[in-house]
Amino acid sequence: MTKTAVAVGGAVLGAAAVGAVVGGVGPAFTVAGPRAGASSGTATQQFLSARPEAAAPAHAGLTLGAGVALAASGLVAASAVRRSRRAGAGAASASAVVPVGLGCSVSAPAEQYFRDQLVACRAQLSEAGAPSVEETDRHMQELQAHAKQVLAGAAAALVFSSSMEAAVAYPIYAQQNYANPRALNGKIACANCHLAGKEIDVRMPHDVLADTIFKAQIDVPCKYEKRRQLIADGSKAALNIGAIAIMPEGWKLAPKDRLPKVLKKQMKGLSWSPYSKEYPNIVVAGPVPGSIYERMVLPILAPDPNTQKDANFGKLTMYFGGNRGRGQVYPEGNQSNNNQFFAKKDGKISAIDGLKVTIEGTDGSTITQEVLAGGQIVVEVGEQVVKDDPLTTNPNVGGFGQAEKEMMLQDMNRVWAYCALATSIFVAQLTFVLKKKQFEKVQLAEGF
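When the letters of the sequence shown are read in order and numbered with this note's numbering, they come out as residues 21 to 468.
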């Protein structure tokens, strides 16, 4: 038995005990050391039953994680020692004494005692007979894996929570506030925040067959290389765009495994996602760089009414929306800095302090308006203004537009029926012409 094995064996129990105390959750086991006067070859065990602890404090989750981490560190060290011992590490004197990390010393025969304590503790937890050394080793490996999962989950939660605020952007505003983005009057929810209007162009086939994939092309035109949008801190950045497609029930985004290579190339890696679980027929994309995705390609899977009850053959209407730049109103109703600000009353500009403009009314009262960072103030001190006169320039370079397209979902049986009808008409016409030619020949032969 190596000195290192003895030392780390004590560290295992020390770290596990500290982890249990720091965690403050679950039963605490009190284990006594070897009895005084016991022979050097044996180590008598004494262990008490589990003590019920008080209710876990409010910070029990945090302290439990720390306890698990401490216990896991001890278990990792013990595993390393076992691997080195199995690989043939040299044995040391059985009576050697080595200091351990927690400030105590352990003799070589006590390592078996420590292992027995681990086995006994696990037996009490599982209310089963004392397990074998192999089972204890397997249990220690499971604890190590669980500790790693806890630490990884905590790190992921920290990263996710820290980036949540930055991830909030359109179209998530509409998803959070509108169960159905299209109102009864046809207005799409995006227009409630993006007040400026900009046209879009949508191209798609007029007729498609059931269970086929086709593309809808949404063009959001703008001079993206020259125009830059205003962001929240008042600086300028590249112009972003987004789009929404509202399809009839039963229609949905084409699965990736069925997309042709040509269509994948045309999409340029653009990602579309369902608006919600309740509306898989509504998909959104963005915000994405306008310089790359000025032409947005949407792959659509047409339904098969023969197998889907919520789909029907015939003429259908699809609704599309495209946006460029930031909005002017937040969902809460407050204005963004991507706005032009106007005077709220008649009067004279009495002071301009940074972004605050003070207007002195004709009745002697004053009002101070705060204009957000973005547009340039166009008024000067002493200038007379009328209500609704502009105080700043308009920094908005974007806008929202929507369009609708009709298309026909063709039934293959109707197509075959039409082909049969057209063929029968052609044959009938051909027969009529041939019969007429034959009749003319007969008349000529008879002298008519």
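Backbone N, C-alpha and C define an ideal beta-carbon position, used for all residues, glycine too. Being a predicted model, the structure only gives us computed values, none of them experimental.
Nearest residue (CA-CA) to residue i, options the options
{"i": "V417", "options": "G306, A442, G310 and T443", "result": "G310"}
{"i": "V303", "options": "R202, M427 and L392", "result": "R202"}
{"i": "A274", "options": "L392, R434 and L321", "result": "L321"}
{"i": "K365", "options": "P351, G353, S385 and Q195", "result": "S385"}
{"i": "I192", "options": "R346, F446, G254 and D221", "result": "R346"}
{"i": "Q249", "options": "E352, L375 and N414", "result": "N414"}
{"i": "I372", "options": "E390, D383 and G381", "result": "E390"}
{"i": "D324", "options": "L318, M428 and F333", "result": "F333"}
{"i": "S296", "options": "L163, I233 and A305", "result": "A305"}
Local conformation of residue i per DSSP, three classes
{"i": "F340", "result": "strand"}
{"i": "T451", "result": "helix"}
{"i": "A199", "result": "coil"}
{"i": "S444", "result": "helix"}
{"i": "A257", "result": "strand"}
{"i": "Q396", "result": "coil"}
{"i": "F362", "result": "strand"}
{"i": "R346", "result": "coil"}
{"i": "A263", "result": "strand"}
{"i": "L163", "result": "helix"}
{"i": "L321", "result": "strand"}
Endpoints, beta strand (DSSP E) assigned at residue i
{"i": "S311", "result": "Element bounds for S311: n/a, residue is neither H nor E."}
{"i": "M427", "result": "G419 to Q430"}
{"i": "I387", "result": "T386 to E390"}
{"i": "D221", "result": "D221 to R223"}
{"i": "E380", "result": "K376 to E380"}
{"i": "V406", "result": "Taken as a continuous stretch (DSSP letters only), V406 belongs to no beta strand (DSSP E), as it is neither H nor E."}
{"i": "L250", "result": "R248 to L250"}
{"i": "K235", "result": "I233 to D239"}
{"i": "K368", "result": "G367 to D373"}
{"i": "D383", "result": "No beta strand (DSSP E) holds D383; DSSP gives it neither H nor E."}
Local Cβ density within 10 Å of residue i, reported as buried at 16 or more and exposed below that
{"i": "T412", "result": "buried"}
{"i": "V401", "result": "exposed"}
{"i": "Q449", "result": "exposed"}
{"i": "C439", "result": "exposed"}
{"i": "N433", "result": "exposed"}
{"i": "A265", "result": "buried"}
{"i": "V435", "result": "exposed"}
{"i": "P280", "result": "exposed"}
{"i": "A465", "result": "exposed"}
{"i": "M267", "result": "buried"}
{"i": "Y350", "result": "exposed"}
{"i": "G394", "result": "buried"}
{"i": "R158", "result": "exposed"}
Same chain, Cβ closer than 6 Å to residue i, neighbours up to 5 away in sequence not counted
{"i": "E424", "result": "T337 and Y339"}
{"i": "V453", "result": "none"}
Contact set for residue i: own chain, Cβ-Cβ below 8 Å, skip 5 residues either direction
{"i": "Q348", "result": "C213, H214, L215, A216, Q355, S356, N358, N359 and N416"}
{"i": "V405", "result": "A363, D366, G367, K368, I369, I379, V399 and L411"}
{"i": "I251", "result": "A257 and R346"}
Boundaries (first-last residue) of the alpha helix (DSSP H) holding residue i
{"i": "L283", "result": "K281 to M287"}
Close beta carbons around residue i, own chain, < 7 Å, minus the five adjacent residues each side
{"i": "F362", "result": "D408, D409, P410 and L411"}
{"i": "P300", "result": "K272 and P294"}
{"i": "A209", "result": "A194, Y198 and P201"}
{"i": "Q396", "result": "T412 and T413"}
{"i": "Y244", "result": "L259, G310, S311 and E314"}
{"i": "A382", "result": "One point to set straight first is that residue 382 is Thr, not Ala, in the sequence displayed. Only D366 and G367 meet the Cβ criterion."}
Any non-hydrogen atom of the ligand NAD within 7 Å of residue i CB
{"i": "G367", "result": "Absence of the ligand NAD is noted for the structure shown, with no ligands found whatsoever."}
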